[in-house]
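Everything in the sequence shown is counted per this note's numbering, starting at 1197 for the first residue and increasing by one.
Here a beta-carbon is modelled for each residue, glycine too, at the ideal position from N, C-alpha and C.
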Amino acid sequence: MSERVIPLVDQRVAALTAPRPTQPVPATGLLGDALGRPLRDLRISVTDRCNFRCNYCMPKEVFDKDYPYLPHSALLTFEEITRLARQFIAHGVQKIRLTGGEPLLRKNIEVLIDQLAALRTVDGEPLDITLTTNGSLLARKARALKDAGLRRVTVSLDGLDDAVFRRMNDVDFPVADVLEGIAAARAAGLGPVKVNMVVKRGTNEHEILPMARHFRGSGVVLRFIEYMDVGATNGWRMDEVLPSADVVQIIRTELPLVPLEHTATGETAERWGYAGADGRHDPALGEIGVISSVTQAFCRDCNRARLSTEGRLYLCLFASNGYDLRSLLRGGADDTAIASAIGAIWQGRSDRYSEQRASLPPDAGTGARRVEMSYIGG
Ligand code: SAM
Ligand code: SF4
Ligand code: SF4
């Protein structure tokens, strides 16, 4: 077994300068990148802070009291986020996911949701606005989020065993409070609620079946995520990845599953339905999803852009740098210039890290140093 190295990092490397194309890149809703992939999904990180210290994401040794989080003045304001979102939408974005860090720690987040909910896609449809949360503040906030225009939530939960979960979040946070948050989200109409479980071999794979039993037939869609080599601080090792195929096998030993169709292009989860007595999918029992970010690359359909807390546009979860859009906003650029910059950046995109992972040296990102997930969001 190789020795684990957890480097200390400051990810605030100089940003890439956003281009100012001489010819405007018109926002037609039909933008494609260098590999022909459209822009449909925008993930916005609203804070780089979190009240958990999941060791696969923000290990305590690195994210301690001396960690240099962004100062408030560096964060995009809600107005800046909404202004950028409008330009992304003009290029084809249909779905916005708010994330972080822990997005519910951002003060008055419902005000941002309210502003985003007023936007329309190029086809005049309302946006699909969702949010990924650790659930710790959800019981308190679910109703206000729904009232502001949030459609759905995804809640992260890595096990039902209280001791295992407290150890994984590393701040001694109890499972019961997250379950209460999930119940509140459902009661508020933020469904169907999805629950994300990151599976780490040797840490929580014995929680797979209890989680599956608990959520089967509950209306909640449980999704298992392979532990990924994002960032530079989590000391990732391939031997701690439990492939999704194994997860499906483990569940099948007790609960019969049948494969389901993908719902949308760019959808990251492979869907499996619980089978009834006749061996066919029983919708009342629901479904699970597996997200095989490590063992099965899905870059070919990747239509996701990521906007960091301070306004940098990242083209891939594994990128080491992002394009500085905040300087455009604060430097007085008009909407056409901003839309053109976004268009030109996307047109040049050829990132496909997961497809290339196997052929890269073990510590490589798409560039010199990978950005942390807590900074650009999941
Ligand atoms: N704090 C919120 C939460 O935990 O849901 C939102 C941000 S978190 C970075 C988004 C998602 O990324 C969570 O579902 C989390 O479990 C997942 N995640 C973080 N680090 C990961 C890793 N190394 N591998 C796989 N998933 C990871
Ligand atoms: Fe916080 Fe979410 Fe990262 Fe856990 S996964 S440390 S809850 S940002
Ligand atoms: Fe998209 Fe990058 Fe993930 Fe591939 S590795 S699916 S390009 S975010």
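The secondary-structure analysis by DSSP pairs G1427 with nothing; it has no beta-bridge partner. The Cβ atoms of C1250 and M1364 lie closer than 8 Å to each other. By the Cβ test, the segment 1270 to 1283 is in contact with the segment 1520 to 1536, since at least three Cβ pairs between them sit closer than 8 Å. Secondary structure note for G1377: it is in no beta strand (DSSP E), and the uninterrupted alpha helix (DSSP H) holding it is V1371 to A1383. Nearest C-alpha to D1497 among P1234, F1411, S1332 and R1316: P1234. Excluding its 5 nearest sequence neighbours in each direction, I1572 has C-beta neighbours in its own chain below 6 Å: S1241, R1502, S1504 and Y1510, listed in chain order. Taking 7 Å as the cut-off, the C-beta of E1422 does not count as close to any heavy atom of ligand 2. The set of residues with a C-beta under 7 Å from any non-hydrogen atom of ligand 3 comprises S1489, A1493, F1494, C1495, C1498, R1500, C1512, L1513, F1514, D1547, R1548, Y1549, S1550 and E1551, given in chain order. Three or more beta-carbon pairs drawn from the segment 1301 to 1313 and the segment 1262 to 1278 are found closer than 8 Å, and the two stretches are therefore classed as touching. At least one heavy atom of ligand 2 lies closer than 7 Å to the C-beta of M1254.
Of the candidates R1302, T1329 and A1471, the residue whose Cα lies closest to the Cα of P1267 is R1302. Annotation: the continuous alpha helix (DSSP H) that includes V1444 extends over S1440 to R1448. Under the three-state reduction of DSSP output, K1291 falls in the strand class. In the DSSP assignment, T1350 falls within the unbroken beta strand (DSSP E) covering R1348 to S1352. Cα atoms of V1490 and Y1549: separation of roughly 10 Å, rounded to the nearest angstrom. In the three-state reduction of the DSSP assignment, V1394 falls in the strand class.
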